[in-house]
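Residues 14 to 265 in the numbering used here are what the sequence shown spells out, letter by letter. Here a beta-carbon is modelled for each residue, glycine too, at the ideal position from N, C-alpha and C. From a predicted model like this one, the values you see are computed outputs, not experimental measurements.
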Amino acid sequence: MAPDKMSSIPPSVSVPYDAIYENNPRYLDVDHYVNSHLLPEDRNDHYITLENIRRKSLASGLPDIACSSSQAKFLMLQIQMTGARNVLELGTLGGYSAAWMASADPGVKVTTIEVDETHASVALRNIEEAGLASQVEILRGSGLDVLPTLVSQVQSHQRQPFDFVFIDANKQDNLAYFNFALSMTRPRTAIIVDNVVRNGKVASSIEAEKDGRVLGTRQLIEAVGNDQRVDATVIQTVGEKGYDGFLLAVTK
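Structure, rendered in C-alpha cells:
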C-alpha cells in the first residue's frame, strides 16, 4: 500500500496550507460509512426533521457552513453526557446545530445568537416547523451587542447560568465571546469553539498576519492557555467539512 501523502513530507518542508487537506475523498468515504451505521433515521426521533433543516437552509440560499451531521450529533451527545439543560450558542445560521442540541432532551433550552437577519428568519422558520420553538430562543444581533445583555440578565438572576456553550460565529471575536461566556456559566461547564484549526493555518504566525480569522483563533488559544479559570484542549478533525478542529474548555 502506498504511504499516505502527508507522511511522505518531512516536517521541515513548507507546503501550501490548501494543497493537501481539502477535498480528500477518503474523509468523505469514512463519513459516509460511519454515518450509515451511527446516524440511521431510527436512532433519533428528530433525524428527518433535523436533516430537513439543513436542506431548507441551503434551499433558502444560506451558505453551506453549518457543522456536519456527525459533528452536530457530537454536540447532542456532549449535552446528554454532561446533563446540560441551558445551552448558549453563538452563530445560529439556519438553526441546524441548535435543533440538534435541543433534541438531546425535551428539557434542554437553547439560546442562540445570530447577527444576520436573513439567517435568523430562516432559522426561526426552520425551528418552528421542526416543532422546537419552545426549546430554542433566537436572539438577533451581533454577539458583542447581545452578550452583555445576557450577562446582566444572568448576574441579576433573570436568566439561569448556562451549562453548555457552543461558539461558531465571527472568528475574529472568538476571545471576546469566550470571555463573555465564562462570566455566565456554572463550574464544570463545557465551552466548545468550532473551526480553530483552519486547515492547519492556526500554527502559522505568517497566516495570522494575512487572515484575521486565524489571528483571532490564535489569540483565543493563547489566552485560554493562560486562563486559570478553565482547562482546555484542541482536537483536530477531518471529514466532509475538510481539515479543521475545535477547542474544548471546561470551567473550574
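If we call anything under 9 Å between Cβ atoms a contact, is residue i one with residue j?
| i | j | result |
| --- | --- | --- |
| Ile140 | Ile204 | no |
| Gly9 | Thr125 | Here the chain has residues from 14 to 265 only, and residue 9 is not among them. |
| Gln84 | Ala117 | no |
| Gly156 | Ala182 | yes |
| Phe177 | Ala97 | yes |
| Leu261 | Phe175 | no |
| Ile180 | Val149 | no |
| Arg226 | Ser218 | no |
| Asn48 | Ser82 | yes |
| Asp244 | Leu195 | no |
| Val135 | Ser73 | yes |
| Leu188 | Leu233 | yes |
State the Cα-Cα distance for the pair residue i and residue j, rounded to the nearest angstrom.
| i | j | result |
| --- | --- | --- |
| His170 | Val128 | 25 Å |
| Ser165 | Val251 | 38 Å |
| Thr296 | Thr95 | Nothing can be reported for residue 296, as the shown portion of the chain is limited to 14 through 265. |
| Ile78 | Lys254 | 8 Å |
| Val43 | Tyr256 | 14 Å |
| Gly229 | Leu103 | 15 Å |
| Ile248 | Val167 | 30 Å |
| Ile12 | Lys86 | The structure shown has nothing for residue 12, since the chain only spans 14 to 265. |
| Leu75 | His132 | 7 Å |
| Leu88 | Lys223 | 31 Å |
| Asn208 | Thr246 | 13 Å |
| Ala236 | Arg242 | 11 Å |
| Gln173 | His50 | 37 Å |
| Leu137 | Ala146 | 8 Å |
| Gln91 | Tyr46 | 22 Å |
| Gln185 | Asn37 | 27 Å |
| Pro53 | Cys80 | 18 Å |
| Lys214 | Pro119 | 39 Å |
DSSP state of residue i, grouped into three classes?
| i | result |
| --- | --- |
| Pro200 | strand |
| Thr264 | strand |
| Leu41 | helix |
| Val149 | strand |
| Asn239 | coil |
| Ile78 | coil |
| Asp281 | Because the chain here runs from 14 to 265, residue 281 falls outside it and cannot be looked at. |
| Ser21 | Reliability of the predicted coordinates at Ser21 is poor, the pLDDT of 38 falling under 50, and no value is obtained from them. |
| Ser73 | coil |
| Ser165 | helix |
| Ala189 | helix |
| Ala112 | helix |
| Asp158 | helix |
| His50 | helix |
Let me know if residue i comes out buried or exposed under the rule of 16 or more other beta-carbons within 10 Å of its beta-carbon.
| i | result |
| --- | --- |
| Asp158 | exposed |
| Ser110 | buried |
| Thr202 | buried |
| Thr198 | buried |
| Ala112 | buried |
| His59 | buried |
| Arg211 | buried |
| Gly238 | exposed |
| Thr105 | buried |
| Asp55 | exposed |
| Ala216 | exposed |
| Leu163 | buried |
| Ile152 | Looking at the sequence shown, residue 152 is not Ile but Leu. By the neighbour-count rule (16 or more Cβ atoms within 10 Å), Leu152 is buried. |
| Leu63 | buried |
Residues bridged to residue i by DSSP?
| i | result |
| --- | --- |
| Gly258 | Gln249 |
| Lys267 | This structure gives no information on residue 267, because the portion of the chain shown stretches from 14 to 265. |
| Ile180 | Leu103 and Val206 |
| Asp244 | Val263 |
| Glu127 | Arg153 |
| Phe175 | Thr198 |
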